[in-house]
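Per our numbering: the sequence shown = residues 48 to 159. Glycine included, every Cβ here is placed at the ideal spot set by N, Cα and C. Working notes, beginning with the structure itself.
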Amino acid sequence: ALSANYGSGKTHFIALTEQIALREGFLVASLSLDANELKPSDTAKIYQTALSRLRYPNQSERGLAPLLAQARQQPQVTQVLLDQSPRGETCPLASSIRLYLDDDVDQNGVVQ
């Protein structure tokens, strides 16, 4: 979290940090929490917004779909991450990713 007075360079600092992270090969997503559009108490919307704003190094695509497409190409890595889920088999995200990686769900979330 970054908090400072208006005009102190928060947006500039975040933009530079994003550029450096992308150049170093990291995924980035930035968002601003406020009392009207994206409330700090609405964790589901924060999560959804962050995923929709995921940016990738050297790609114009955004969101979760490109990450899942890459995961399909490296199932061994994905399986390790899924196995480390703190909620195990009861994790809805892990279950959805498993379905997607097993080709039972397309990129739009439609069960085949």
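Under 7 Å between C-beta atoms of Gly72 and Pro104: yes
Where the alpha helix (DSSP H) through Ser132 begins and ends: Neither: Ser132 is in no alpha helix (DSSP H) and is coded neither H nor E.
Cα-Cα separation, Thr137 to Arg100: 26 Å
Reduced DSSP category for Arg70 - H, G, I as helix; E, B as strand; rest coil: helix
Endpoints, the alpha helix (DSSP H) within which Leu98 is located: Thr90 to Ser99
Top-ranked residue by Cα proximity to Leu78, from Arg70, Leu69 and Glu65: Glu65
Own chain partners of Ser132 with C-beta closer than 6 Å, once the 5 adjacent residues on each side are dropped: Cys138 and Ala141
Environment of Ile144 [buried if 16+ CB atoms lie within 10 Å]: buried
Within-7 Å CB hit, Ala76 to chain D: In the displayed structure, chain D is absent; only one protein chain is listed.
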